[in-house]
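Okay, structure first, notes after.
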Amino acid sequence: MATISFENRVAIVTGAGGGIGRTHALEIARRGGKVVVNDLGGDVGGRGGSGIMAERVVEEIRAAGGTAIANGDSVASSEGAGSLVAAALDAFGRIDVLINNAGIMRNAYLEDISDQDWDDVIATHLTGSFKVTRAVWPHMKAQRYGRIVFTASSAGLFGTPILANYAAAKAGVAGLMNVAAIEGEAHGILCNGIMPNAEGRMADRMMADLGADASSGSVELPPEIGNSMDPGFNAPLAIFLASEACTSTHALYSQCLGRVARVFVGVTTGWQGQRQTPASVEEIAEHWAEIGDTSRGFTTPSTPHHELALVLSQGNAA
Ligand code: NAI
């Protein structure tokens, strides 16, 4: 198997001052890539900030013989995203890889989420991913090469109590990835998403806030998980998606306890009504089991037009 190298490649990893992002940055640098280690350096709720977290990771990379610079801009503002991209270009002259990883958590039951906590969480994960992606886009387009990895979450794609703001942002990140992938493909910009799992301050915050919530399904993880909740278990998938070796685009992948798998939106075969008049409400009730039945197969449309074509190919209306 050929070694996957990042020689002559420049990567921005947002939120790389700790946790999962740090391991992404270390792995790219270890493989010869030049890395911009971005981190605002605040607490898990995004409050406060200092350059120390990013600088420490840069020191770690340099001590191992790698090349990196620290950056303390916030991904959540257009100015911050612009300044981050400018810093990468000033230092290294190009940008080949963006890993949108920065994130914060402000947990509460839906009815208790303040406007501020909703806005700040969306601004960091979703708007931040958009703003940095928008800022790197013209550079990747001009060089006809780019790899962008978006960080979604099972909390958003599957659902978890007390994370409505976070989950909405993360599901939004998956939607953003879908469109970036479609728009980027013709320009050599491949976009995919990851759904990581790791212990760390964010997971600790979530477990503490969930507390005894019976609906959370939260359990003590058994010893069989080994070290697989170490943040570094997420780096190989992200770094493969960020590499030249990856030719896939427009997909989401989960890393969970060392298992790597694709996550997709599936549509059941469903029930086909008439195409001249809408179904009655009673017909929907009558066919409800059929509509939800996953055992008769499913399709995985990649665009709205693809879904139309798939439905037409499923056969004639009743
Ligand atoms: P973490 O809190 O250790 O890392 C997030 C980093 O983002 C922090 O270092 C923080 O300072 C930085 N950051 C926050 N706001 C920023 C901003 N505006 N600009 C720049 N940097 C900013 O958390 P962890 O666990 O490493 O999570 C990394 C990513 O993975 C996050 O996007 C998180 O939502 C996602 N994720 C994590 C999971 C887990 O199990 N830990 C599960 C699913 C997704």
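Numbering (my numbering), first residue to last: -9 to 308.
Virtual Cβ for every residue (Gly too), placed ideally from N, Cα, C.
In its chain, beyond the 5 residues on either side, G263 have a beta carbon closer than 7 Å to the beta carbon of A269. Rounded to the nearest angstrom, the gap between the Cα atoms of A235 and I(-6) is 7 Å. For L227, the uninterrupted alpha helix (DSSP H) run begins and ends at A225 to L231, by DSSP. Residue pairing by DSSP puts Y243 in a beta bridge opposite I184 and R252. Taking a cut-off of 8 Å for Cβ pairs, the region 105 to 118 and the region 50 to 62 do not touch, as fewer than three such pairs fall below it.
Excluding its 5 nearest sequence neighbours in each direction, A78 has C-beta neighbours in its own chain below 7 Å: V0, I2, V26 and I85, listed in chain order. When the beta-carbon positions are compared, I184 and Q245 come within less than 8 Å of each other.
The criterion of a C-beta distance shorter than 8 Å is not satisfied by N217 and T13. Within the same chain, and ignoring the five residues on either side of G260 in sequence, the residues whose Cβ sits closer than 6 Å to its Cβ are I281. Distances between the C-beta of R191 and the heavy atoms of ligand 1 include at least one below 7 Å. When the alpha-carbon of D199 is set against those of S40, T150, A44 and H177, the nearest one is in T150. In the three-state DSSP reduction, A(-8) falls in the coil class, being neither helix nor strand.
Residue burial is scored here from C-beta neighbours: H295 has fewer than 16 other C-beta atoms within 10 angstroms and is therefore classed as exposed. The closest CA to that of I94, considering only Y156, G70, S104 and L227, is found on Y156. In the DSSP annotation of this structure, the continuous segment of the alpha helix (DSSP H) that includes N155 starts and ends at A154 to G174. Annotation: G22 to S233 spans about 12 Å, alpha carbon to alpha carbon. Beyond the five residues adjoining it in sequence on each side, A142 comes within less than 8 Å, by CB distance, of K160, A161, V163, A164, M167, G183, I184, M185 and L242 in the same chain, given in chain order. For the 8 Å CB-CB criterion, I179 and H240 do not form a contact.
For the pair G118 and A81, the CB atoms are not nearer than the 8 Å cut-off.
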